Structure formats: structure tokens, C-alpha cells
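Protein chains in written order, with our numbering: chain D, -13 to 301; chain U, -13 to 301. Backbone N, C-alpha and C fix where the C-beta goes; we use that ideal spot for every residue, glycine too. All figures in this text were calculated on a predicted structure; none of them were measured in a lab. Accompanying notes for the structure given below.
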């Protein structure tokens, strides 16, 4: 799906694209199909429009797309109307860190076509791949039903508030109207500055540097987890992005356990925050590996490990 | 109402403040009390939340605030619940160019207090006064029930997308939650740049220059209207801001007439656009005097005058 001026709308970060999609596509009590877990910011954006969520499972390869058809039928039976769209994070999922393989992308495109459902493809981390091959975005298979979201927030700077939505031209007027009501337009000053930065060739080597730095941090975190965490824990092995998803023994509730982590000066986001129906993730947490320096990562994972062992009484 | 960190939220232009107010305060079919005419962008923002409008008249001194109580009663009778808030543009009204005198400000504050209604005070042009004395904003009389909106868009640059809302602290958490869902935060890059511009003392003399330049353009437009427009037309005499509101003989529908104006390469916004219930303004138009140089203003008003006379068959 090539981006051309007539099918791109610049947004105030890709969070605003999620908000505009809610404004245009979600009526009160409409269902959205998403994985569990899913991106917290999307839930926050769509809750404001009264969305409900029907969730499908997520495994080490991301959303279990074969469950989408059943989810569709349940939504139809429950609400009498189809879901508003399928929400998917194909690359280095937030919070799960998983990447949808090519086969699942093709299969999701087939299913969406058969069910006549729009797809919201949220891809903020796509350029931050640390191993493996880039995979084609789902929008390349079904451009006519995909709203693809990108952003400069993870490659250049979140404070610029520059994201974009690429969508079928027939939808553009509705998004433009929603955007005008929301904030008239996206900051032209930040657009000019960003264009200048890109024209000067800064972005490509900068992203290469990010890949190098973040890859080291990811590797550091994976090694520290293996070294310091007790048995019975597991975690995803992200090929890119900023996050991994860790599971602890079921006897630990990660929302309650957060207080003990904070006493060790370590923070994470409890798993249940990413379950739109708050029906899971009690034994899970999202860990960020991009922000801290490697020595801090080791120390943070070590302290979490000690607190986990104390909680499990295996010190 | 002093602005302190705990009662100010920076928004993506003050248009976003209108949108967030809609998100927090407007449920589907709620009524908003506003003047007719009123700001088009506010209508666009609140229509997205299913707002309805009960309008009160506007005369040469702005909103006829004595009508608010009757409007409140009508809303209550019609919908069974009070209106969401009163929306008022006290200074150099868009589109009408009118300014609410001190007595009306005090009176509106009294009425809102008695009816227990919030006030949305939209003040994008307050610093652009070309004659007369500054008047206290309504929020100074009733800070506990006023959401005051300001912006850098008219004094510095709209492309920065920097506005603000000052509101009672008890409301702030709701706005922060709505803001996070809408776009996470307002661009920090633009904030740093704007802060730097202000610290360097650029803003104050720049606004003084804007006042001088825009005053000349306002005076030029008022003189050109008196010289070139036919009898039966009238217009407001704004003490500041960017716009004036012109009325033409009732036989002319300004929406239809726009085509003839465009043929003369002159544009205006037809009056009905500013009537949320589309029940007036057919003989009115909004004219902008801040954008064009004085010689273009004279030429534009001259051409509109010729087209009006042709339409009225008084050539």
C-alpha cells in the first residue's frame, strides 16, 4: 500500500490516530476484536467512545488469528451487529513483544475479507527490528480494508507528536472531518523540522544506532532474566521493539506485587492493564528494555528476581 | 483566576480544548447553550459527541445573557436534564466581532451560579485589542465554574498547536484522562521552543506589532465598507480580534451569493455556518480583516460591493 498525499493523514502522534478511529468507527457498545493482551493506549482511546472488546488469545507468534472468526460470530450473536474492526499489532507487540509470522498475516487478511471487517494495523515499532527479516505489513495484502498507523515517536522523538494513518481514500474525508473537530491540524512547525531532519539524512543512521543500542539492551535483559529469576517464570523473546512480556508463578498477583517491586525501586506495568476486559494477565507484567542502560537493566532484573524469590519463599 | 501548574492543561491548540470539553462534558443529545451566531469550530468539535444546541440572541454587545435563564428552562423541559454548559466568547467574538461589556459578564456569572451551570469561556483573541480598555474575563468572577481557553495561535503561530485550558482543579483529572486517550500529551518540542521565545522577550513586542498592523486593517475594512457597499448593509465595529460580521439586504442569501463573490476572487464564510441549528444568518457573512494587506482589503470590499449592487440591481 504505497503512501501518497491523498491517503495519508498526519496525526498528533499515532495515539491520535487511535482516537480518530474511535471517533469515526466506534458507536457506543460496539465491539472491537483484539488480542489479549493488547495495547493499553488503544483501550484508553476507545473506552472514551463506549467500546466493548471481544478478545482472542495471543501466543508466542502473536494474535491467534484463527480465533477471529469465532469472535466475530460471538459479537454478532451478542450485539446483533458486526464488530467495528480488528485491532492488530503485527510487529513486536506492545505489551507482548511477539511478531505475527507471514502465514498469520495472510490468514488474517483472508479472514477479514471474508467477514468484510476493517483492520487497524498499529505499527509503531516496525523499524526497530534487531534480528530476522522484515515482514510485509498486513495492509499490503488488503489495502482496501486496512488503516495502517505509523509514527516518528519511536524512531525520532515522541515530543514532536508526529504520527500518520494510511487508509483507503474513501475513508479520508471522514478522518479529515474528525481531525478538524479534534484540533484543526497537526503542528506544521514540527512537520517542517521533521522534514528537514529527514532531508538531511539523519533518520536512517539514527534508526540504525537505535537498533544497535536497543538490541544490546534486549539481550542484556534476556540474559539477566535467565540468571536472576526463579524457576516457574517465563518471558517472550522479542525480535524488536521496546517490550517483553514476563510471566511469574500463578501464586503471585503482579498488581499486588508491584508495591514490593517499587520498594526495590523497580517498576513494571501489571499484566491486567492490557486486558480490556480485565480477565487475565494477573501473573504477567510488561518489562521495558529500551529505556535503561545495560547496567541498570541487570540491577533492576536482579532486584525483581530477589523480590520474586522472597515472595515465593525460595530465598 | 491565577493559572498555576495544577489548574492548567496544555492542549494541541485551543480547538483541542473544545474537543476535550466535549469528550468530558457532552453525552449524546445533551444541550449546550450558546449565542447565535457562534464559533464554527466549537460546533464541529461538539457535534462529534452528539451535542444539541439551544441558542440565545447576540446583539452589538455580544450574547444577550438575559436570555440564558429562559434557554435553561426550555432545555430542561425538552430533555429532562440541564444543559452541559454555557459557551461564551467574551472578546471580539468569532464570527460576530462583538465584546461582552462588564455588566453582562457579571450578570452571566450570576446567572450561571444560580442555575449551577459550568461556563466555557473561549478567549483566543483577548490580547488583540485595538481600542478601549481590557475587561476582566468571566472566570475572574466565577473561577469555580469556568473553563477558560487560551492559545498561542493568534499571538505567535497556529502551527505550533499550543493552547491551554485553565479550570477548577477538581476537573483536571478528567481532562488529563481524556487528553491521554486523545494523544498522550502536547508536543514538548513546540513547548520548549515557545517557552524559549517567551523568555527572550519576543512575545510582548510582537503582540504590540500585531495590534498596530491588525488595527490598521480593521480600520481599512470599515472605511472600505462605508465607501463601497450599498445601502441596506450593516456591520459590527469590532474593538479587536480578526473578524467582523456583515449583514446584507434580506433578498440576498449569502450561501448562494458566495459563488458570485468567488467569481470576483473574494471569499467570506456564509453566516448560516455559525448557526448550530442552521436557523439564521442567511443574510450575514463573516469577513476577516487580519490576513490581507490594506490595499487587498480595499479591493476585496470594492469587488464585493460591486457584486452586491449587481445582485440588488442598483448598478
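Secondary structure of residue i, DSSP reduced to three states
| i | result |
| --- | --- |
| residue 46(D) | coil |
| residue 83(D) | coil |
| residue 243(D) | helix |
| residue 208(D) | helix |
| residue 129(U) | helix |
| residue 6(D) | helix |
| residue 21(U) | strand |
| residue 32(U) | helix |
| residue 300(D) | coil |
| residue -10(D) | coil |
| residue 256(D) | strand |
| residue 250(D) | coil |
| residue 293(U) | helix |
| residue 192(D) | helix |
| residue 281(D) | helix |
| residue 169(U) | helix |
| residue 100(D) | helix |
| residue 77(D) | coil |
| residue 88(D) | helix |
| residue 12(U) | coil |
| residue 144(U) | helix |
| residue 121(D) | coil |
| residue 269(D) | coil |
| residue 66(U) | coil |
| residue 286(D) | helix |
| residue 186(U) | coil |
Which residues DSSP lists as bridging residue i, in chain order
| i | result |
| --- | --- |
| residue 108(U) | 135(U) |
| residue 229(D) | 274(D) |
| residue 237(D) | Per DSSP, none; premise fails for residue 237(D). |
| residue 262(U) | Per DSSP, none; premise fails for residue 262(U). |
| residue 221(U) | 232(U) |
| residue 149(U) | -3(U) and 137(U) |
| residue 72(D) | 19(D) and 105(D) |
| residue 38(U) | 17(U) |
| residue 115(U) | 226(U) |
| residue 319(U) | With chain U represented from -13 up to 301, any question about residue 319(U) goes unanswered, as that position is not in the structure. |
Min CB distance residue i to chain D below 7 angstroms
| i | result |
| --- | --- |
| residue 175(U) | yes |
| residue 257(U) | no |
| residue 36(U) | no |
| residue 5(U) | yes |
| residue 225(U) | no |
| residue 246(U) | no |
| residue 2(U) | yes |
C-beta neighbour in chain U for residue i, strict 7 angstroms
| i | result |
| --- | --- |
| residue 168(D) | yes |
| residue 31(D) | yes |
| residue 189(D) | no |
| residue -1(D) | yes |
| residue 272(D) | no |
| residue 159(D) | no |
| residue 146(D) | yes |
| residue 9(D) | yes |
| residue 185(D) | no |
| residue 194(D) | no |
Cβ contact check for the stretch 208 to 216 of chain U and the stretch 171 to 181 of chain D: 3 or more pairs under 8 angstroms: no
Three CB pairs or more closer than 8 angstroms across the stretch 188 to 204 of chain U and the stretch 28 to 44 of chain U: no
Sufficient close CB pairs (3 or more, under 8 angstroms) joining the stretch 248 to 268 of chain D to the stretch -4 to 13 of chain U: no
Cβ contact (3+ pairs, closer than 8 angstroms) linking the stretch 28 to 41 of chain U and the stretch 163 to 171 of chain D: The answer is yes - the stretch 163 to 171 of chain D touches the stretch 28 to 41 of chain U, with three or more Cβ pairs under 8 angstroms.
Validate contact between the stretch 70 to 82 of chain U and the stretch 13 to 30 of chain U using beta carbons, cut 8 angstroms, 3 pairs: yes
Segment contact flag, the stretch 97 to 107 of chain D with the stretch 126 to 135 of chain D, C-beta cutoff 8 angstroms, min 3 pairs: yes
Cβ contact check for the stretch 279 to 289 of chain U and the stretch 211 to 222 of chain U: 3 or more pairs under 8 angstroms: yes
Stretch pair the stretch 219 to 237 of chain D + the stretch 182 to 191 of chain D: three plus CB contacts closer than 8 angstroms: no
Any 3 or more C-beta pairs closer than 8 angstroms across the stretch -13 to 7 of chain U and the stretch 53 to 69 of chain U: no
Cβ contact check for the stretch -13 to 4 of chain U and the stretch 232 to 240 of chain D: 3 or more pairs under 8 angstroms: no
At least three beta-carbon pairs within less than 8 angstroms, the stretch 254 to 261 of chain U to the stretch 145 to 154 of chain U: Because the criterion of three Cβ pairs below 8 angstroms is not met, the stretch 254 to 261 of chain U and the stretch 145 to 154 of chain U do not touch.
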